[in-house]
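A.B. asks: The sequence shown begins at 96 in this note's numbering and counts up one residue at a time.
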Amino acid sequence: MTTIEAVSEMSAVRRAVWFSAVLFAATPLAYTQVTWTPIYVGGYSQVDLWTQSTTGCACSFNSSSTDCACCVPSGGCSCGAASPDRCAQCGLEQHCANMCNITLDSRQLFSKSDRGFGQIKSPYLQGPSRCTYRFVPDTGQRVELQIYRLVSIGRHNGTACEGGWLQLEGSARVCGRNQRFDRPVVLFSDKPMAILHMQINENTTRSQFLAYFSFSSKASTSVGWPVRGGHLVNNTECDSVYEDTECHDGCVLASPGYPGLYPPNIRCRYLITSGPRISIAINFTAVLLPYNHCTSDYIAVYSGSKSSSPLLKMLCGKEKTALVYDGQELLVEFRTGPEVSPFDYNGFVATLSFIEMTTEVPTTITVDSTNKSLELMKSNYNNRDLHDHRKDQGAVTSSCDLEVSGEKVRAGHHDTRGKPKSTTCRLVLRGRAYDTGHVSLASYNLSAQSCQSTIEIFDGSPESGMLDTANSLERICSPAQWLPREPSTQDKYTEPKRYSSSGRDMTVVLRRASNSPTDEEYMEVSYYFHDEREGGTQQPASVCDVEYYGLTSPVEGSVVHPEPHRLFAMEGLVKCRQHFIPAPNQSVVITVKGSTKQTPNNPCETKCGDSGCHCVSKSLESMDHLLLVSETGHIVTCLCGNYQDWLPVGIRSWTPVYIEWSRSTSKAGLDFHAAYKFINDTYCGDHTTAEPEGEVNGGDLASAGLKLNQYYQQKCTWILDSPIDRQLIIEVKSTQSRE
């Protein structure tokens, strides 16, 4: 399979653009949380896995000496004269001093140490350097690797490992400067020989890793290969076909390498077929994909044999589902993007069964039912309570309690000081159907001893009788104190931590000690509601970043500058991003329409041309400004100063794009108003063909009627999926005469 991508970076569309490629042939391409079982270390070891003590036993190389290490009775052997104070696994003792470029054979290790597992502690290496470890499993075994420690083995730059990595061939790359994994990075290989590469590409003084390996049984219920039934499609890495005639006792689908880390940048297709009058039932029992990477790592279920068939369901994050489909062909597509640090995801498992229908039912899926199933790409929407269980809202009681209705109030402040004293004070936020709640503890004082007083923040409403269903986000024990800022002693204010709910309700509870101390215990809380339909999906790691998804957000709407109450505690430079993420076969149009006039003689000036709008300033970071930025980080438009004469300025993009609002030292920053619209089209989506010869056309982008200061971001993908090896010839033609 060959993938061709045509990318056009932001240029003016005041001219026609036409693209044609002649294709002759194709070449095939060769939370809960991660569940894992620790590889058993044993109760005999005192120093390391195979050493009980560093001295006290007879030396194998000198019978008159008893100053050598004592080894674990079962499986441990002396390292000999090279390292007399250490033991190693029998069969590997010759590698004590330099465990690099070795072969670990399951049969040989078991015959010498009676163990099918062990430890790899690489030597200290000075980079650039590399080590290779070959694992040879026995029949019915798979190789399991658990990585616990990395020292100077590359680093993750947000999208990939650079400078070095560990990679179990065919799987993900793992890297880190000085990384201790509380839960190990788990990798599996089902190849006849698994090869682990330790690669250091930069200058280092001490590169090392610690891992445990195991030759695990494929039949194991915990670490075995869970897939049952189906058959692999020839010349593919992971495509499979499941037929009802082969699944009488049920079948199981799983991501490659499950239950370990799956490979990056793959596309696995699982085609499920059934006979007439037989329903397909699929249940995704385990799903763990990287958080907040729904555009790159997801599972899509289509009502047909191709990815161009109607979409039934899309899963990402930890979302699970069960579907019963009354057609004869169902396609499950698993797509992955680059590795995501800290490598704590493992893919999915789904059970498959076939049910004979007793009555005739239609095999088509209605548009309404399809649209209802498209609650995807935002884990914040999962399990949301949309029923109205709210009590009388917005009431301030005679105590220190406060209940806030999102229907009436969108932001506010609650201080228990000056309120009637009670041993318990509650702030309860009850949002609208699509709201999430957000709170910050502006200040508090808990002076009682030994956790007699607490402040606890809940995701939900524990006081309504559902304590076990309300998740505690934070619990602060006395004595503890967070005081309001003091400008005379602090140069820069520290932003209090923000807590966010997954649903519409949120609760903050102050519990005071019965023997109240002399100084008043209190909490001062700032809060606001956020409606994801109107303001995008709030990003937990940011105060003001939001995302709009082409399949779940409103088709069109407007966006403005960040709301002031979100930035109430932030001083100095502030950056907020509004991301727009179109789905396949979608584009998004963003148009900046208006803004407040700036002061005269502004030191920053905007200039627009064929290649975009640019800010002319000696120091842009010290100026309030607005950016339109492509997925690749290319700045299409920069607006600052008195730029109103250039408006409207817009962009049309088939890939993610974002607005970045930057506030410097001013209190308000730029006021702006922009419109967005997601457009369904087939101009630039996924196109797959198995034909050995053909032509694809990009079309005329200018026919969309974009005007002055309207720009585009375009990325088209054509996949040539040929069953045979051929030379690939591509001819590209374009009538575009300017870059």
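All residues carry an ideal CB built from backbone N, CA and C; glycine is no exception.
Being a predicted model, the structure only gives us computed values, none of them experimental.
Based on the DSSP secondary-structure assignment, which residues constitute the bridge partners of M618?
C.D. replies: Your numbering for residue 618 matches position 523 in the sequence shown. Bridge partners of M618: Y539.
A.B. asks: With DSSP run on the structure shown, which of helix, strand or coil describes K207?
C.D. replies: Residue 207 sits at position 112 when you count from the first residue of the sequence shown. In the structure shown, K207 sits in a helix (DSSP, three-state: H, G or I).
A.B. asks: With DSSP run on the structure shown, which of helix, strand or coil describes L646?
C.D. replies: One-based indexing of the sequence shown puts residue 646 at position 551. Secondary structure at L646: coil, using DSSP grouped into helix, strand and coil.
A.B. asks: Closest to V167 by C-alpha separation, out of G325, G258, A176, D209, would be which residue?
C.D. replies: Here residue 167 corresponds to residue number 72 of the sequence shown, with the count starting at 1. Of the candidates G325, G258, A176, D209, the one whose C-alpha sits nearest the C-alpha of V167 is D209.
A.B. asks: Under the rule that 16 or more other beta-carbon atoms within 10 Å means buried, what is V827, buried or exposed?
C.D. replies: Numbered from 1 along the sequence shown, position 732 holds the residue referred to as residue 827. So V827 counts as exposed.
A.B. asks: Give the single residue among Y357, S173, A395 whose Cα lies nearest to the Cα of A192.
C.D. replies: Position 97 of the sequence shown, counted from the start, is the residue given in the question as residue 192. Nearest option by C-alpha distance: S173.
A.B. asks: Since N378 sits in a beta bridge, which residues does DSSP pair it with?
C.D. replies: On the sequence shown, position 283 is the one that residue 378 refers to. Answer is A417, T446.
A.B. asks: Return the chain-ordered ranges of every beta strand (DSSP E) run that is complete within the region 720-791 and spans a minimum of 3 residues.
C.D. replies: 720-725, 730-735, 744-748, 752-758, 767-775, 781-784
A.B. asks: So, for A306: in the same chain, excluding its five sequence neighbours on each side, which residues have a beta-carbon less than 7 Å away from its beta-carbon?
C.D. replies: Residue 306 sits at position 211 when you count from the first residue of the sequence shown. I215, L240, Q241, I242, Y243, listed in sequence order.
A.B. asks: Quick check: is the beta carbon of C546 nearer than 8 Å to any beta carbon in chain D?
C.D. replies: The question asks about chain D, but that chain is absent: this structure has only one protein chain.
A.B. asks: Which residue wins for smallest C-alpha separation from E332, given the options S350, T316, W320, C546?
C.D. replies: If you number the sequence shown from 1, residue 332 lands on position 237. Looking at the Cα atoms, S350 is the closest of the given residues.
A.B. asks: In the DSSP assignment, what residue or residues form a beta bridge with Q576?
C.D. replies: Within the sequence shown, the letter at position 481 stands for residue 576. Q576 is bridged to N540.
A.B. asks: So, for I450: in the same chain, excluding its five sequence neighbours on each side, which residues have a beta-carbon less than 6 Å away from its beta-carbon?
C.D. replies: Within the sequence shown, residue 450 is the residue found at index 355, counting from 1. Only residues of its own chain outside the window of five on either side were considered, and among them S374, A376 have a CB closer than 6 Å to the CB of I450, listed in chain order.
A.B. asks: Can the beta-carbon of L407 be found less than 8 Å from the beta-carbon of S398?
C.D. replies: Taking the first residue of the sequence shown as 1, we reach residue 407 at position 312. Taking the first residue of the sequence shown as 1, we reach residue 398 at position 303. Yes. Within cutoff.
A.B. asks: Taking the beta strand (DSSP E) that F156 belongs to, which residues open and close that run?
C.D. replies: Taking the sequence shown and counting its residues from 1, one reaches residue 156 at position 61. Element bounds for F156: n/a, residue is neither H nor E.
A.B. asks: Can the beta-carbon of L541 be found closer than 8 Å to that of S535?
C.D. replies: Position 446 of the sequence shown, counted from the start, is the residue given in the question as residue 541. Position 440 of the sequence shown, counted from the start, is the residue given in the question as residue 535. At a Cβ-Cβ threshold of 8 Å, L541 and S535 do not count as neighbours.
A.B. asks: My output table needs one value for A349: the three-state DSSP class, helix, strand or coil.
C.D. replies: Residue mapping note: residue 349 aligns to position 254 of the sequence shown, counting from 1. DSSP places A349 in strand when its eight states are reduced to three.
A.B. asks: Is S335 near Y365, with beta carbons less than 8 Å apart?
C.D. replies: Here residue 335 is taken as the residue at index 240 of the sequence shown, counted from 1. Here residue 365 is taken as the residue at index 270 of the sequence shown, counted from 1. Cβ distance < 8 Å, so S335 and Y365 count as in contact.
A.B. asks: May I have the straight-line CA-CA distance separating Y386 from P359, to the nearest angstrom?
C.D. replies: For the purposes of this step, residue 386 is taken as residue 291 along the sequence shown, with counting starting at 1. For the purposes of this step, residue 359 is taken as residue 264 along the sequence shown, with counting starting at 1. For Y386 and P359, the distance between alpha carbons rounds to 15 Å.
A.B. asks: What's the call for E414, buried or exposed, on a 16-neighbour Cβ count within 10 Å?
C.D. replies: Indexing the sequence shown from 1 puts residue 414 at position 319. With 16 or more Cβ atoms within 10 Å of its Cβ, E414 is classed as buried.
A.B. asks: Since S284 is in the beta strand (DSSP E), which residue starts that stretch and which ends it?
C.D. replies: By 1-based counting over the sequence shown, the position of residue 284 is 189. S284 -> beta strand (DSSP E) spans 271-284.
A.B. asks: Evaluate R606 with the Cβ neighbour count: other Cβ atoms within 10 Å of its Cβ, from every protein chain shown; 16 or more gives buried, anything less gives exposed.
C.D. replies: In the sequence shown, residue 606 corresponds to position 511, counting from 1. By the neighbour-count rule (16 or more Cβ atoms within 10 Å), R606 is buried.
A.B. asks: According to DSSP, simplified to helix, strand and coil, what is A314?
C.D. replies: Mapped onto the sequence shown, residue 314 falls at position 219. Reduced to three states, the DSSP call for A314 is coil.
A.B. asks: On a CA-only basis, which of C733, W741, R758, H729 is nearest V752? Give me that one, please.
C.D. replies: Here the question's residue 752 lines up with position 657 in the sequence shown. For V752, the nearest C-alpha among the options comes from H729.
A.B. asks: Evaluate F156 with the Cβ neighbour count: other Cβ atoms within 10 Å of its Cβ, from every protein chain shown; 16 or more gives buried, anything less gives exposed.
C.D. replies: For the purposes of this step, residue 156 is taken as the residue at position 61 of the sequence shown. Exposed, since its Cβ has fewer than 16 Cβ neighbours within 10 Å.
A.B. asks: Measuring only the C-alpha atoms, how far is D640 from S494?
C.D. replies: Residue mapping note: residue 640 aligns to position 545 of the sequence shown, counting from 1. Residue mapping note: residue 494 aligns to position 399 of the sequence shown, counting from 1. If you take the alpha carbons of D640 and S494, they lie about 36 Å apart.
A.B. asks: Quick check: K146 and G171, are their CB atoms within less than 8 Å of each other?
C.D. replies: For this step, residue 146 is matched to residue 51 along the sequence shown. For this step, residue 171 is matched to residue 76 along the sequence shown. Note that residue 146 is Thr in the sequence shown here, rather than Lys. Yes; because the gap between Cβ atoms is below 8 Å, this pair is in contact.
A.B. asks: List the DSSP bridge partners of H674.
C.D. replies: The residue you call residue 674 lines up with position 579 of the sequence shown. Residue pairing from DSSP places H674 in a beta bridge opposite E642, Y753.
A.B. asks: Could you tell me the distance, in whole angstroms, from the CA atom of R599 to the CA atom of G526?
C.D. replies: Here residue 599 refers to the residue found at position 504 of the sequence shown. Here residue 526 refers to the residue found at position 431 of the sequence shown. Cα to Cα, R599 sits roughly 5 Å from G526.
A.B. asks: When burial is assigned at 16 or more other CB atoms within 10 Å of the CB, is M293 buried or exposed?
C.D. replies: The residue you call residue 293 lines up with position 198 of the sequence shown. Under this definition M293 is a buried residue.
A.B. asks: Going by C-alpha to C-alpha distance, which of C735, K772, L384, R229 sits closest to H709?
C.D. replies: Start at 1 with the first residue of the sequence shown, and residue 709 comes out as number 614. That would be C735, whose Cα lies nearest to the Cα of H709.
A.B. asks: For I248, report the span of its beta strand (DSSP E) as first-last.
C.D. replies: Against the sequence shown, residue 248 aligns to sequence position 153. Residues 236-248.
A.B. asks: Please classify Y623: is it buried, with 16 or more other beta-carbons within 10 angstroms of its beta-carbon, or exposed?
C.D. replies: By 1-based counting over the sequence shown, the position of residue 623 is 528. Buried.
A.B. asks: Quick one: give me the first and last residue of the beta strand (DSSP E) that K514 is part of.
C.D. replies: Taking the sequence shown and counting its residues from 1, the one referred to as residue 514 is at position 419. Where K514 is concerned, there is no enclosing beta strand (DSSP E), given that its DSSP letter is neither H nor E.
A.B. asks: DSSP three-state label for Q189, please.
C.D. replies: The residue you call residue 189 lines up with position 94 of the sequence shown. Q189 falls in the helix class under three-state DSSP.
A.B. asks: So for L356, helix, strand or coil by DSSP?
C.D. replies: Indexing the sequence shown from 1 puts residue 356 at position 261. Coil, per DSSP.
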